[in-house]
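The next block holds one structure in the form of structure tokens; read it before the comments.
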Amino acid sequence: MSTRSAIVRATGPGTFAGRYVHFDGYPAGVGQALWDLYHGEFDGDLDRMLEAIIDKHPAGWSSIDDYPKSCYCHDRGETRRLTVTQRNAYRLCCEFVYAFEAPEHGAPTMRILAADDGRGRPRWEALAEVALDGREPDWASMRGTAASTEHGD
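Numbered by full-length UniProt numbering, the letters in the sequence shown go through residues 1 to 153 in order.
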């Protein structure tokens, strides 16, 4: 079974926009793959990484694990543009969202949000905030939830 997710830029308080990822969306999958790409292929250049992953692949990804081989636009030739936002991520069955932010002053971060519909209204709960220039987190331990934010549906 697929664990769907989205790789996005934070666009404001509680808002985001980016691309869909079909497989391995849990933190030990997509989260760790993004960490590895940031520290490896993109050598700590978040702007370049997000341009490559989000801007240059408008149809999204089958998997990010074998970047850049599994994008829908180049791998499958899909031409439709799919932008995942806080308004449609839940309807697209995304279970996790990886929201990147690069403040003008300070370290870039990856906020990991988890879908929660336990009270009848879809919400995103902050699972972790990862300082990209800090220590690598224990991906397998990221299962709980913390502060929550209502979906903008």
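Yeah, the Cβ is synthetic: ideal placement off N, Cα and C, and Gly gets one too.
Item, Value
"If you follow the alpha helix (DSSP H) that M49 is in, where does it begin and where does it stop?", "46 to 50"
"R4 to F23, Cα distance in whole Å?", "6 Å"
"Secondary structure at G31, three-state DSSP: helix, strand or coil?", "helix"
"At the level of alpha carbons, what is the spacing between W124 and A10?", "13 Å"
"Roughly how many angstroms lie between the CA atoms of A52 and V130, to the nearest whole one?", "20 Å"
"Can you tell me where the beta strand (DSSP E) holding W139 begins and where it ends?", "Counting along the chain, W139 falls outside any beta strand (DSSP E), and DSSP gives it neither H nor E."
"T109: buried (16+ other C-beta within 10 angstroms of its C-beta) or exposed?", "buried"
"To which residues does DSSP link T85 through a beta bridge?", "A17"
"If I'm right that T85 touches A17 with Cβ under 8 Å, what's the distance once you round it to whole angstroms?", "5 Å"
"If you measure between the beta carbons of I54 and R91, is that distance less than 8 Å?", "no"
"Tell me the DSSP secondary structure of Y98 in three-state form.", "strand"
"Work out the CA separation of D116 and G40 for me, nearest whole Å.", "32 Å"
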